[in-house]
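There are 2 protein chains.
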Amino acid sequence: MKRGEQTRNIILEQTAILFNKQGVAGTTMSDIMAVTGLQKGGIYNHFASKDELALAAFDTAWGHVKERFEQLLFPRQNSIDRLHALLNLFLSYSDNPPIEGGCPVLNTALEADDTNPALLDKARGAIQEWREFIVRTVERGIKYGELRPETNADMLADMLVASLEGAVALSRIDRSVQPLEHVLSFLRNYLEREVRISS
Amino acid sequence: MKRGEQTRNIILEQTAILFNKQGVAGTTMSDIMAVTGLQKGGIYNHFASKDELALAAFDTAWGHVKERFEQLLFPRQNSIDRLHALLNLFLSYSDNPPIEGGCPVLNTALEADDTNPALLDKARGAIQEWREFIVRTVERGIKYGELRPETNADMLADMLVASLEGAVALSRIDRSVQPLEHVLSFLRNYLEREVRISS
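Top to bottom, those sequences are chains A and B. If you want the working numbering, it's the position in the first sequence, counting the first as 1, plus 17. If you want the working numbering, it's the position in the second sequence, counting the first as 1, plus 17.
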């Protein structure tokens with residue numbers, strides 16, 4: 018890796034964490050200079066503006082989340098097990114988070130929703146990827162006789178994403194894993210009792 | 018109402034909306050001066066700092082949410098109907114929100130969680146009020162034979178708050194009421210089928 022590329026990566030990794038913890042508006046160039054050890058010129062050499070950096074840093078954060086999810090998904094083949102892998106991704110925010118500061122998708126979306134359409138688009142795209150994973154998994158599970166055919170894939174997708182995002186947020190607010198464990202316990206039980214076809 | 022009190026109320030009402038839409042860090046004194054029509058001195062006359070204003074503005078926003086909830090709750094006596102009133106509070110964010118910019122509790126909590134402990138405490142207190150309402154309602158419902166005695170009040174409280182908060186967020190991100198409607202439909206169905214005792 019060339020030196021310029023290394024510097025660019027350091028900036029992205031460090032600011033992705035800062036933005037996730039403090040928000041983009043809550044992070045100053047001085048904060049970014051402090052964590053990267055770079056001068057202002059060294060940062061602007063790679064990113065024309067804080068907004069451009071925020072877009073690239075979201076991709077870095079989301080890349081960490083997806084990498085973790087791939088690890089949890091492998092080598093699960095059964096569709097219910099694959100849905101449980103998504104639950105475990107959110108559980109990991111409490112003990113070994115893919116990135117510090119909570120879920121970057123919800124943090125970014127709620128900061129950007131009234132202020133930054135380009136950044137909101139990134140967060141919306143990430144949520145859409147989760148929903149499509151769930152819908153695809155449910156459709157495949159129904160086809161292979163693992164899930165009840167009456168399962169409403171779109172409704173389940175919104176329900177899982179909403180409750181998991183909300184649960185990570187509650188656990189961060191409470192500084193306790195309990196809300197997340199309550200929600201995971203509810204959802205696991207629901208998937209086993211109402212969605213899985215017992216073999 | 019005295020003139021000073023009127024001015025204070027105007028500042029609180031206007032900045033509560035600004036903070037809810039843009040975040041506290043994303044709102045400048047110039048923004049506050051623009052929406053209130055006041056000079057900087059006129060604002061500092063009532064609030065010593067933006068942080069002090071943020072704490073008071075949260076109380077204003079939360080006051081609007083609670084006022085709406087009281088309207089939806091009245092005159093429901095049955096405990097299931099009282100839980101449905103909470104669902105309807107969150108539905109109101111899509112058509113007639115108690116305050117513009119999404120749920121002030123989640124917005125505030127996620128902005129403040131790594132940066133502003135006093136403001137985070139306010140948001141945590143609000144969430145706690147919802148949870149206590151749910152737990153109290155469930156316990157009362159079990160006592161009066163309206164709800165199944167095996168209902169886990171604490172788990173249901175976390176599940177309802179997490180999924181409703183997540184649903185409002187998803188609907189704002191998508192600019193569509195559909196995620197919220199999916200989640201509400203799921204929860205209504207769950208309350209009717211798994212929690213209510215049919216008479």
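Glycine residues also receive a C-beta, built at the ideal position from the N, C-alpha and C atoms.
Its chain contains 79, 122 as the residues whose beta carbon lies nearer than 7 Å to that of residue 143 of chain A, once the 5 sequence neighbours on both sides are disregarded; these appear in chain order. Secondary structure of residue 192 of chain B (DSSP, three-state): coil. Counting C-beta pairs with one atom in each stretch, the region 196-212 of chain B and the region 90-108 of chain B have three or more that are closer than 8 Å, which means they touch.
Rounded to whole angstroms, the separation of the alpha carbons of residue 204 of chain A and residue 177 of chain A is 8 Å.
Pairing residue 170 of chain B with residue 184 of chain A gives a Cβ-Cβ distance that is not under 7 Å. Here DSSP, grouped into helix, strand and coil, assigns residue 165 of chain B to coil. Judged by beta-carbon spacing, residue 194 of chain A lies within the 7 Å limit of residue 111 of chain A, meaning their Cβ atoms are closer than that value.
The three-state secondary structure of residue 20 of chain A, taken from DSSP, is helix.
Chain B places no beta carbon closer than 7 Å to that of residue 148 of chain A, leaving this residue out of the contacts.
Identification of residues in the region 177-207 of chain B having a C-beta nearer than 8 Å to some C-beta of chain A yields 178, 179, 180, 181, 182, 183, 184, 186, 187, 189, 190, 191, 195, 196, 199, 200, 202, 203, given in sequence order.
Residues of the region 37-50 of chain B with a C-beta atom less than 7 Å from some C-beta of chain A are 38, 39, 40, 42, 43, listed in chain order. Residue pairing by DSSP puts residue 213 of chain B in a beta bridge opposite B:164.
Shown in chain order are the members of the region 104-133 of chain A whose Cβ falls below 8 Å from a Cβ of chain B: 118, 119, 123, 124, 126, 127, 128, 130, 131, 132. Taking the C-beta atoms as reference points, residue 148 of chain B is found no nearer than 7 Å to residue 115 of chain B. Under the 10 Å beta carbon count, residue 54 of chain B is surrounded by fewer than 16 other beta carbons and is classified as exposed.
Residue 131 of chain A carries a coil assignment under DSSP once its states are collapsed to helix, strand and coil.
Taking a beta-carbon distance threshold of 7 Å, residue 213 of chain B does not count as an interface residue toward chain A. Counting every other CB atom within 10 Å of its CB across the protein chains shown gives residue 94 of chain A a total below 16, marking it as exposed. No Cβ-Cβ contact shorter than 7 Å links residue 74 of chain A with residue 127 of chain A.
Assigned with DSSP and collapsed to three states, residue 113 of chain B falls in coil, not helix or strand. Chain-ordered, the chain B residues with CB closer than 8 Å to the CB of residue 140 of chain A read 190. In summary, residue 40 of chain B is buried, with 16 or more beta-carbon neighbours lying within 10 Å of its beta-carbon over all protein chains present. Within the region 150-169 of chain B, the residues whose Cβ lies closer than 9 Å to any Cβ of chain A are, in chain order, 169.
At least 7 Å separates the CB of residue 68 of chain B from every CB of chain A. Non-local beta-carbon contacts of residue 56 of chain A in its own chain, meaning distances under 8 Å to residues more than five positions away in sequence, involve 50 in chain order.
In the three-state DSSP reduction, residue 92 of chain B falls in the coil class, being neither helix nor strand.
Between residue 164 of chain A and residue 202 of chain A, the alpha-carbon positions lie close to 19 Å from each other. CA-CA distance, residue 48 of chain A to residue 38 of chain A, rounds to 12 Å.
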